[in-house]
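Asks: Going by full-length UniProt numbering, the first residue of the sequence shown is number 1, and it counts up by one from there.
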Amino acid sequence: MIEPKTPHLSNIEMWQEWKENGNIEAKKQLIEHYLPLVDYVSNRMAIGLPKNVSKDDLASNGVMGLIDAIEKFDYQRGLQFETYASWRIRGAVIDGLRQGDWVPRSIREKAKRIEEAYQLLEQKYLRSVSDAEMSEYLNVTEKEFLHMLQEIAITTVCSLEDPIREEESETRLTLLVDEKAKNPDYKIQEFYIKNALVKGIERLTEKERIVVSLFYYEELSLSEIAEVMSLSPSRISQLHSKAILRLRGTLAKHKDQLMEK
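(1) When the distance is taken between beta carbons, is residue 82 closer than 9 Å to residue 35?
(2) For residue 200, which residues of its own chain have a beta-carbon under 7 Å away from its beta-carbon, when the five flanking residues on both sides are left out?
(3) Between 110, 42 and 116, which has its C-alpha nearest residue 93's C-alpha?
(4) Determine the extent of the alpha helix (DSSP H) in which residue 24 is found, giving its start and end residues.
(5) Here's the rule: buried if 16 or more other CB atoms are within 10 angstroms of the residue's CB, otherwise exposed. What is residue 78?
(6) Can you check whether the CB of residue 75 is closer than 9 Å to the CB of residue 266?
(7) Excluding the five sequence neighbours on either side, which residues of its own chain have a C-beta within less than 7 Å of the C-beta of residue 64, listed in chain order?
(8) Take the Cβ of residue 54 as the centre, count every other Cβ of all protein chains shown within 10 Å, and call the residue buried at 16 or more, exposed below.
(9) Rounded to a whole number of angstroms, what is the C-alpha to C-alpha distance between residue 21 and residue 85?
(10) Exposed or buried, residue 118, counting other C-beta atoms within 10 Å across all chains shown (16 or more means buried)?
(11) With C-beta atoms as the reference, is residue 149 less than 9 Å away from residue 241?
(12) The ligand ADP and residue 200: does the residue's C-beta get closer than 8 Å to at least one heavy atom of that ligand?
(13) Can you tell me the Cβ-Cβ gap for residue 211 and residue 243, rounded? I've got them flagged as a contact below 8 Å.
(14) Let me confirm a value: residue 153 is counted as buried when at least 16 other C-beta atoms fall within 10 Å, else exposed. Which label applies?
(15) For residue 237, count neighbouring Cβ atoms within 10 angstroms of its own Cβ and tell me buried if that reaches 16, exposed if not.
(16) Do you know how far the Cα of residue 216 is from the Cα of residue 14?
(17) Can you find the residues in the same chain that come closer than 7 Å, C-beta to C-beta, to residue 225, ignoring five residues on each side of it along the sequence?
(18) Is the beta carbon of residue 105 closer than 9 Å to that of residue 138?
(19) Quick one: Cα of residue 26 to Cα of residue 39, how far?
(20) Tell me which same chain residues have a C-beta within less than 7 Å of the C-beta of residue 58, skipping the five on either side of it?
(21) How would you label residue 12, buried or exposed, when you count the other beta carbons within 10 angstroms and need 16 or more for buried?
In structure tokens:
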């Protein structure tokens with residue numbers, strides 16, 4: 001999928017030189033070695049963004065995320081750097097977009113309204129709710145509801161740096177801990193989160209499940225998914241938005257339940 005440039009030192013030698021000896025040249029080689037990750041992540045995230053958002057700006061923020069990942073990564077834990085770095089790059093790009101304040105507050109408020117509506121209605125009916133039911137609850141037409149989904153499409157791209165709840169400091173990144181560490185509380189939390197996600201995914205419509213699977217597991221772009229499913233890119237974007245907002249509502253409900261216990 002990604003072909004990093006061949007460095008002068010082997011991968012493990014670069015990490016050893018940088019982490020154990022503080023060799024700046026080795027750090028530069030690591031950055032060059034993993035730079036294709038920045039292009040890969042930023043290009044995927046550029047899909048669906050407004051035209052005024054520069055791809056160069058996305059890549060620049062992504063490079064900062066890569067450098068941060070290289071500085072913080074512990075290569076001796078046996079974890080895969082590419083996965084860790086991809087999330088750091090993704091988080092840095094989204095943080096850069098937020099600092100640019102390119103998403104109007106009204107759009108974020110719409111996203112929050114829809115997420116809360118999915119959470120309330122699906123908790124009430126214990127099933128996936130239809131667009132018609134959502135439209136009725138939000139007091140808009142189905143056409144207006146689909147337009148709202150199109151408007152908030154990019155806000156459904158989650159960063160691990162985002163707070164799980166807006167009023168709290170805990171982020172999704174805090175849920176990533178060393179799997180080798182024996183932490184019973186984390187294992188219990190992990191168990192309930194997985195169960196919540198399974199239940200949330202089960203409530204997605206068939207098309208929403210396919211979009212989530214192709215986007216997050218097969219790593220296809222939204223335009224590629226549109227070709228596979230013979231739908232328009234805007235329709236795929238709507239399906240993705242609905243799926244993520246449903247899952248966010250499920251996780252928010254899960255967190256509330258844990259706090260009550």
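Positions of the beta carbon are idealized from the N, C-alpha and C atoms, including for glycine.
Replies: Reading from the atomic positions:
(1) Contact annotation: residue 35 and residue 82 have beta-carbon atoms that are not nearer than 9 Å.
(2) 246, 247 and 250, listed in sequence order.
(3) Across the set 110, 42 and 116, the C-alpha of 42 shows the shortest separation from the C-alpha of residue 93.
(4) Following the DSSP letters along the chain, one finds residue 24 inside the alpha helix (DSSP H) bounded by residues 24–46.
(5) Answer is exposed; the Cβ neighbour count stays below 16.
(6) What the structure shows of the chain is the stretch from 1 to 261, and residue 266 is not part of that stretch, so it cannot be assessed.
(7) Setting aside the 5 residues that flank it on each side, residue 64 is surrounded in the same chain by 92, each with a C-beta closer than 7 Å to its C-beta; the list follows chain order.
(8) Exposed, since its Cβ has fewer than 16 Cβ neighbours within 10 Å.
(9) Their backbone Cα atoms lie some 22 Å apart in a straight line.
(10) Sixteen is the threshold: when 16 or more other Cβ atoms of the shown chains lie within 10 Å of the Cβ of residue 118, as they do, the residue is buried.
(11) The criterion of a C-beta distance shorter than 9 Å is satisfied by residue 149 and residue 241.
(12) Questions concerning the ligand ADP fall outside what the structure shown contains, since it holds no ligand whatsoever.
(13) The distance from the Cβ of residue 211 to that of residue 243 is about 6 Å, consistent with a contact at the 8 Å cut-off.
(14) When all chains shown are included, residue 153 counts as buried.
(15) Buried is the call here.
(16) Here the alpha carbons of residue 216 and residue 14 stand approximately 30 Å from one another.
(17) Closer than 7 Å at Cβ, skipping near neighbours: 211, 214, 215 and 236.
(18) For the 9 Å CB-CB criterion, residue 138 and residue 105 do not form a contact.
(19) Taking the straight line from one Cα to the other gives about 21 Å.
(20) Once the five neighbours on either side are set aside, the close Cβ partners of residue 58 are 42, 45, 46 and 93.
(21) It is exposed - the Cβ of residue 12 has fewer than 16 other Cβ atoms within 10 Å.
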